[in-house]
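J.: Can you read through this structure? Questions will come right after.
2 protein chains.
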Amino acid sequence: MNQIKAIVFDAYGTLFDVHTVASRCEQFFPGFGQTISEIWRQKQLEYSWLRSLMGRYENFWHVTEDALGFALKSLGLNANEEVRAAVLEEYLRLKPYPEVPQALQALRHHKLAILSNGTPNMLNAAVTNAGLTDAFSSVISVDEVKSFKPLMGVYQLAPSKLHVRREEILFISSNAWDASGAKVFGFNVCWINRFGKTFEELHVEPDLTITGLDQLIEKL
Amino acid sequence: MNQIKAIVFDAYGTLFDVHTVASRCEQFFPGFGQTISEIWRQKQLEYSWLRSLMGRYENFWHVTEDALGFALKSLGLNANEEVRAAVLEEYLRLKPYPEVPQALQALRHHKLAILSNGTPNMLNAAVTNAGLTDAFSSVISVDEVKSFKPLMGVYQLAPSKLHVRREEILFISSNAWDASGAKVFGFNVCWINRFGKTFEELHVEPDLTITGLDQLIEKL
Chain V
1 MNQIKAIVFD AYGTLFDVHT VASRCEQFFP GFGQTISEIW RQKQLEYSWL RSLMGRYENF
61 WHVTEDALGF ALKSLGLNAN EEVRAAVLEE YLRLKPYPEV PQALQALRHH KLAILSNGTP
121 NMLNAAVTNA GLTDAFSSVI SVDEVKSFKP LMGVYQLAPS KLHVRREEIL FISSNAWDAS
181 GAKVFGFNVC WINRFGKTFE ELHVEPDLTI TGLDQLIEKL
Chain X
221 MNQIKAIVFD AYGTLFDVHT VASRCEQFFP GFGQTISEIW RQKQLEYSWL RSLMGRYENF
281 WHVTEDALGF ALKSLGLNAN EEVRAAVLEE YLRLKPYPEV PQALQALRHH KLAILSNGTP
341 NMLNAAVTNA GLTDAFSSVI SVDEVKSFKP LMGVYQLAPS KLHVRREEIL FISSNAWDAS
401 GAKVFGFNVC WINRFGKTFE ELHVEPDLTI TGLDQLIEKL
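Chains V and X are the protein sequences, given in the same order.
Here the working numbering is used: position 24 in the first sequence is 24, and no number is missing along the way.
Here the working numbering is used: position 62 in the second sequence is 282, and no number is missing along the way.
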């Protein structure tokens with residue numbers, strides 16, 4: 001990985017802990033916080049894949065809203081518009097994983113960017129609220145190509161925007177399916193496996209596996 | 221639905237109970253049968269979607285094998301080649317849901333077909349082992365277009381092969397994501413909701429919802 005000219009991060013689940021929404025859900029729906037959060041995340045991903053396949057793109061804010069709607073309905077929970085909005089807005093204030101701010105600081109001599117399914121608004125809010133605005137030279141949203149990862153055209157946004165070749169990019173994701181798509185595309189890939197998960201069986205492997213972003217510093 | 225000229229069925233989860241593999245899994249991995257079956261099915265679907273998006277088609281037999289591999293690995297279960305093969309082969313002997321054979325018999329004056337992610341071999345084995353060979357005028361596999369549902373080009377196989385227009389087809393699936401894709405494509409769609417599930421939030425609705433295939437007869 002000597003020729004790395006840019007490090008590109010996935011956002012949700014990689015830099016930001018999507019399950020920080022669970023405590024807000026728990027406030028409104030006692031006993032269901034964690035379950036809502038898990039179904040919500042699973043459906044958010046499924047809907048992004050299914051909409052890409054069906055050629056029916058809606059942006060990630062809408063997909064996230066629909067996925068929350070499914071989670072609540074499937075659990076038999078009723079929520080008025082205000083409660084839904086309050087829960088949904090947690091997505092603009094997701095917490096970064098604990099080691100992330102300091103690790104980004106240590107990596108600041110590299111060109112750092114985000115490539116995410118999120119809308120520009122969602123990403124800017126999350127980055128700003130986490131105090132990470134200065135960390136990234138680019139925040140790239142898939143919204144520009146109206147499709148979601150792991151479509152190959154989505155990954156192409158990074159080399160195009162950053163003016164580097166794909167093999168000069170180190171792509172970092174905690175989502176094994178995203179790491180797999182990025183590897184198929186031709187990035188160098190680092191999988192952050194914080195929770196002892198099993199990598200997907202898609203016949204590609206990450207170049208590097210770490211359990212926290214702080215470990216990346218010594219590897220570069 | 222007066223103009224229906226063909227009824228097209230999804231196979232896995234709709235005609236055939238994919239979770240009949242659980243008891244075979246239980247034999248080899250006591251205490252894990254149901255869990256293996258659930259992870260296996262979820263990953264089978266995810267890999268079909270992800271491979272379609274990545275442009276890395278492998279047929280459904282291989283996808284099913286990979287998904288089983290993930291399920292076992294994620295549960296920390298070891299299995300030699302023979303055990304894996306024995307479990308995988310259960311997919312060739314899936315049981316139809318109890319009401320299916322008689323309902324198909326009652327629908328025999330309609331043109332009936334299958335449109336499935338399965339390979340021709342997998343589908344022929346399942347249909348034959350269930351004694352349903354005479355029920356269908358066509359068994360259509362996505363393998364011909366090297367992609368999986370809900371890509372629109374996959375649904376197009378049915379009108380093309382059956383020589384009817386898409387709006388003359390009644391498509392039947394228990395998989396809400398598949399029913400959604402079929403509706404987006406332009407079929408009439410019936411969702412079989414045997415287990416009180418929640419329909420997907422993809423902004424389309426089935427034309428008809430039933431809880432078993434036997435209910436279709438009176439609706440036509």
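Every residue gets a Cβ at the ideal spot worked out from N, C-alpha and C, and that includes glycine.
#1: Which residues does DSSP list as the beta-bridge partners of Ser358 (chain X)?
#2: Indicate whether the contact test is met: 3 or more Cβ pairs, each with one atom in the segment 368 to 378 of chain X and one in the segment 241 to 252 of chain X, closer than 8 Å.
#3: Could you check if Asp66 (chain V) is buried or exposed, using at least 16 other CB atoms within 10 Å of its CB as the buried criterion?
#4: Does the separation of the CB atoms of Ala355 (chain X) and Leu324 (chain X) fall below 8 Å?
#5: Identify, in the order they occur along the chain, each residue of the same chain with its Cβ nearer than 6 Å to the Cβ of Phe391 (chain X), setting aside the five sequence neighbours on each side.
#6: Just the C-alpha distance for Ile210 (chain V) and Leu352 (chain X), rounded to the nearest angstrom, thanks.
#7: Where DSSP assigns a beta bridge to Phe236 (chain X), which residues make up the other side?
#8: For the segment 72 to 88 of chain V, which residues have a beta carbon sitting closer than 8 Å to at least one beta carbon of chain X?
#9: What did DSSP end up calling Asn193 (chain V) once you bin it into helix, strand or coil?
#10: Going along chain X in order, which residues have a C-beta closer than 7 Å to the C-beta of Thr198 (chain V)?
#11: Nearest CA to the CA of Val241 (chain X): which residue from X:Ile259, X:Lys225, X:Asp434?
#12: Taking 8 Å as the cut-off, does the segment 329 to 343 of chain X touch the segment 363 to 371 of chain X (at least 3 CB pairs, one atom from each stretch)?
#13: Please look up how many angstroms separate the CB atoms of Pro98 (chain V) and Leu15 (chain V), rounded, as I've assumed it's under 8 Å.
#14: Taking the C-alpha atoms as reference points, what is the distance between Phe252 (chain X) and Pro206 (chain V)?
#15: In this structure, how does DSSP classify Thr429 (chain X) when only helix, strand and coil are distinguished?
#16: Please identify the residue among V:Thr198, V:Val204, V:Ile192 whose C-alpha is closest to the C-alpha of Asp17 (chain V).
#17: List, in chain order, every chain X residue whose beta-carbon is nearer than 9 Å to that of Asp66 (chain V).
#18: Please determine, among V:Arg93, V:Glu144, V:Leu50, the residue with the shortest C-alpha to C-alpha distance to Trp397 (chain X).
#19: Residues of the segment 162 to 186 of chain V with a CB closer than 9 Å to any CB of chain X: list them in chain order, please.
#20: Mark Asn298 (chain X) as exposed unless 16 or more other C-beta atoms lie within 10 angstroms of its C-beta, in which case mark it buried.
#21: Beta-carbon within less than 7 Å of Thr35 (chain V)'s beta-carbon, same chain only, minus the 5 sequence neighbours each way: which residues are those?
#22: Can you tell me the Cα-Cα spacing of Val359 (chain X) and Asn344 (chain X), whole angstroms?
#23: Report all residues from its chain with a CB closer than 6 Å to the CB of Glu90 (chain V); omit the five preceding and five following residues, and keep chain order.
#24: Cα separation between Asn279 (chain X) and Ala179 (chain V)?
#25: Applying the criterion that 16 or more other CB atoms from any shown protein chain within 10 Å of the CB defines a buried residue, is Gly13 (chain V) buried or exposed?
#26: Is Phe70 (chain V) near the ligand ZN - that is, is its Cβ less than 7 Å away from at least one heavy atom of it?
#27: Which same chain residues, not among the five before or five after Asp143 (chain V), have their C-beta less than 6 Å away from its C-beta?
#28: Taking Leu92 (chain V) as the reference, which of V:Arg108, V:Trp61, V:Leu216, V:Met54 has the closest Cα?
#29: Among V:Gln42, V:Tyr47, V:Arg166, which has the Cα closest to the Cα of Leu422 (chain X)?
#30: So Ala126 (chain V) packs on Ala6 (chain V), CB below 8 Å; how close in whole Å?
#31: Pick out whichever of X:Ser272, X:Gln262, X:Arg261 has its Cα sitting closest to the Cα of Val365 (chain X).
#32: At the level of alpha carbons, what is the spacing between Val320 (chain X) and Ile437 (chain X)?
#33: For Gly55 (chain V) and chain X, any beta-carbon pair shorter than 8 Å?
#34: Leaving out five residues before and five after Arg194 (chain V) in sequence, what residues of the same chain have Cβ atoms less than 8 Å from its Cβ?
#35: Given that a residue counts as buried once 16 or more other Cβ atoms are within 10 Å of its Cβ, and exposed if not, what is Lys219 (chain V)?
#36: Taking the alpha-carbon positions, what's the Glu302 (chain X) to Met342 (chain X) distance?
T.: In brief:
#1: Per DSSP, X:Ala333.
#2: When C-beta atoms of the segment 368 to 378 of chain X are compared with those of the segment 241 to 252 of chain X, fewer than three pairs fall below 8 Å, so the two segments do not count as touching.
#3: Burial call: buried.
#4: Yes, Cβ-Cβ distance for Ala355 (chain X) and Leu324 (chain X) is below 8 Å.
#5: Contacts found: Val228, Ala402, Phe407, Val409.
#6: Approximately 51 Å, taken between the alpha carbons.
#7: Note: Phe236 (chain X) sits in a beta bridge opposite X:Tyr232, X:Pro316.
#8: Within the segment 72 to 88 of chain V, those residues whose Cβ lies closer than 8 Å to any Cβ of chain X are, in chain order, Lys73, Ser74.
#9: Here Asn193 (chain V) sits in coil by DSSP.
#10: Residues of chain X passing the Cβ test: Phe290, Lys293, Ser294.
#11: Just measuring C-alpha positions, the residue of X:Ile259, X:Lys225, X:Asp434 sitting nearest Val241 (chain X) is X:Ile259.
#12: Short answer: they touch.
#13: Not confirmed; about 12 Å, so no contact.
#14: Straight-line spacing of the CA atoms in Phe252 (chain X) and Pro206 (chain V) works out to 29 Å.
#15: Secondary structure at Thr429 (chain X): strand, using DSSP grouped into helix, strand and coil.
#16: Closest option to Asp17 (chain V), Cα to Cα, is V:Ile192.
#17: Result: Glu420, Glu421, Leu422, His423.
#18: It is V:Leu50.
#19: Identification of residues in the segment 162 to 186 of chain V having a C-beta nearer than 9 Å to some C-beta of chain X yields Trp177, Ser180, Gly181, Val184, Phe185, given in sequence order.
#20: Asn298 (chain X) comes out exposed.
#21: Non-local C-beta neighbours of Thr35 (chain V) in its own chain, meaning closer than 7 Å and more than five positions away in sequence, comprise Leu75, ordered along the chain.
#22: Straight-line spacing of the CA atoms in Val359 (chain X) and Asn344 (chain X) works out to 8 Å.
#23: Result list for Glu90 (chain V): Val21, Arg24, in chain order.
#24: Each residue's alpha carbon lies about 22 Å from the other.
#25: When all chains shown are included, Gly13 (chain V) counts as buried.
#26: Here there are no bound small molecules, and the ligand ZN is not part of this structure.
#27: Cβ contact annotation for Asp143 (chain V) (same chain, cutoff 6 Å, sequence separation greater than five): Asn59, Thr119, in chain order.
#28: Among V:Arg108, V:Trp61, V:Leu216, V:Met54, the Cα nearest to that of Leu92 (chain V) belongs to V:Trp61.
#29: Checked all of V:Gln42, V:Tyr47, V:Arg166; the closest Cα to Leu422 (chain X) is V:Tyr47.
#30: Contact between Ala126 (chain V) and Ala6 (chain V) is absent: CB atoms are separated by about 20 Å, not below the 8 Å threshold.
#31: Residue nearest to Val365 (chain X) within the set X:Ser272, X:Gln262, X:Arg261 is X:Ser272 (criterion: CA-CA distance).
#32: Distance between the alpha carbons of Val320 (chain X) and Ile437 (chain X) is about 12 Å.
#33: So, interface residue.
#34: The beta carbon of Arg194 (chain V) lies closer than 8 Å to those of Tyr97, Ser174, Thr211, Gly212 in the same chain, with the five residues before and after it left out.
#35: Exposed, since its Cβ has fewer than 16 Cβ neighbours within 10 Å.
#36: Taking the straight line from one Cα to the other gives about 19 Å.
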